[in-house]
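In the UniProt record's numbering, the protein residues as written are 1 to 342. Ideal Cβ placement from N, Cα and C applies to all residues, glycine included. A short write-up of the structure that comes next.
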């Protein structure tokens with residue numbers, strides 16, 4: 001049986017990435033695509049790399065007939081998803097790619113996003129979408145909240161270590177290098193080629209980045225007490241990718257062994273031999289995450305480095321992985337594309 005799905009916000013990068021992945025899925029049919037300013041256009045006009053696909057025209061959300069749809073991917077801006085999802089039929093499953101349902105406590109959402117949560121009743125049923133750690137809750141869920149791409153990279157590097165107690169949770173430094181597509185497709189002066197290329201800078205420094213809300217929530221739950229990591233993202237002049245470097249206090253061999261054991265059965269998470277480090281170019285365009293561990297020159301300290309594609313494993317690939325579980329489709333379906341190299 002083929003599942004009928006819609007992508008709301010298909011004119012953005014994550015929407016286009018979903019179309020690219022679903023095109024070779026085999027068990028999903030894209031029945032509706034929406035955009036705001038691009039309504040009436042073909043997907044090929046908005047994204048010429050998709051012009052070979054037979055897809056419905058972009059429409060306004062209010063013009064979509066949701067009857068008969070099995071699942072909706074919501075790739076809309078933050079604060080928009082809450083109201084849109086609240087208006088969808090209860091019988092339609094939803095994977096939300098925005099930040100609107102990631103934080104379980106509505107007060108945390110207001111703190112990090114600066115406005116009250118518009119759908120607190122829906123928040124109660126939302127399941128956090130980090131697939132490898134929540135898949136048994138994701139399978140029966142109606143609403144799944146995709147993680148932040150930075151939050152996913154940092155958690156893949158650190159979750160098993162915090163859960164196993166092999167590192168000092170009071171001494172974690174997380175340094176992320178992030179590609180520009182993570183900022184979305186909207187025109188922004190600081191993301192113009194002339195302003196971004198040949199440069200590299202930190203942003204949201206000093207504990208102000210919104211994905212810290214996810215780190216606080218998830219790491220504290222794992223440790224059973226408050227955990228507050230030091231986290232700084234850096235914008236790099238690349239189209240895709242996140243490289244997360246975590247500096248931890250713990251024995252490198254124990255760190256490597258813990259990660260290897262935790263991810264031994266995971267199709268998309270690859271722990272490299274100890275001493276070998278990953279690169280964003282080795283996971284580009286794929287749903288894979290590569291993780292490396294090296295010891296520090298200071299005894300009892302280690303570095304964990306995780307690389308993933310922010311648009312795939314960090315967002316749209318993760319969303320499709322979750323949707324497969326929700327629709328009782330093999331989890332890896334549509335996601336085994338090899339990385340694009342060089």
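| query | result |
| --- | --- |
| Extent of the continuous alpha helix (DSSP H) to which residue 258 belongs | 252 to 262 |
| Reduced DSSP category for residue 135 - H, G, I as helix; E, B as strand; rest coil | helix |
| The segment 279 to 296 contacting the segment 181 to 194, beta-carbon criterion three pairs below 8 Å | no |
| For residue 295 and residue 276, the rounded distance between their alpha carbons | 11 Å |
| Run of the alpha helix (DSSP H) containing residue 277, from where it starts to where it stops | Looking at the DSSP string, residue 277 is not in any alpha helix (DSSP H), and its letter there is neither H nor E. |
| Closest by C-alpha distance to residue 279, when choosing among 176, 120 and 185 | 176 |
| Three-state secondary structure (DSSP) of residue 233 | strand |
| Backbone CA spacing between residue 308 and residue 174 [nearest angstrom] | 15 Å |
| Residue 50 in three-state terms, based on DSSP | helix |
| Simplified DSSP assignment, three categories, for residue 294 | strand |
| Three CB pairs or more closer than 8 Å across the segment 92 to 100 and the segment 314 to 324 | yes |
| The alpha helix (DSSP H) enclosing residue 161, as first and last residue numbers | 149 to 164 |
| Residues that DSSP places opposite residue 175 in a beta bridge | 232 and 245 |
| Other residues of its chain near residue 226: CB distance less than 7 Å, five sequence neighbours each side excluded | 220 |
| Inter-residue spacing [alpha-carbon to alpha-carbon] between residue 327 and residue 305 | 33 Å |
| Within the UniProt domain "Semialdehyde dehydrogenase NAD-binding" (4 to 141), ranges of the beta strand (DSSP E) (whole runs, at least 3 residues) | 28 to 34, 71 to 74 and 93 to 96 |
| Supposed contact pair residue 254 and residue 180 - C-beta distance, whole angstroms, cut 8 Å | Actually they do not touch by this definition, with Cβ atoms about 36 Å apart. |
| Pair within 9 Å by beta-carbon distance, residue 5 and residue 22 | yes |
| Buried versus exposed call for residue 155 [16 or more other C-beta atoms within 10 Å across all chains shown] | buried |
| Helix, strand or coil at residue 201 according to DSSP, with G and I counted as helix | strand |
| Residue 212: first and last residue of the uninterrupted alpha helix (DSSP H) it sits in | 212 to 223 |
| Whole-angstrom distance between residue 334 and residue 27, CA atom to CA atom | 9 Å |
| The alpha helix (DSSP H) enclosing residue 323, as first and last residue numbers | 317 to 326 |
| Residue nearest to residue 125 in terms of C-alpha spacing, selected from 113, 106 and 256 | 106 |
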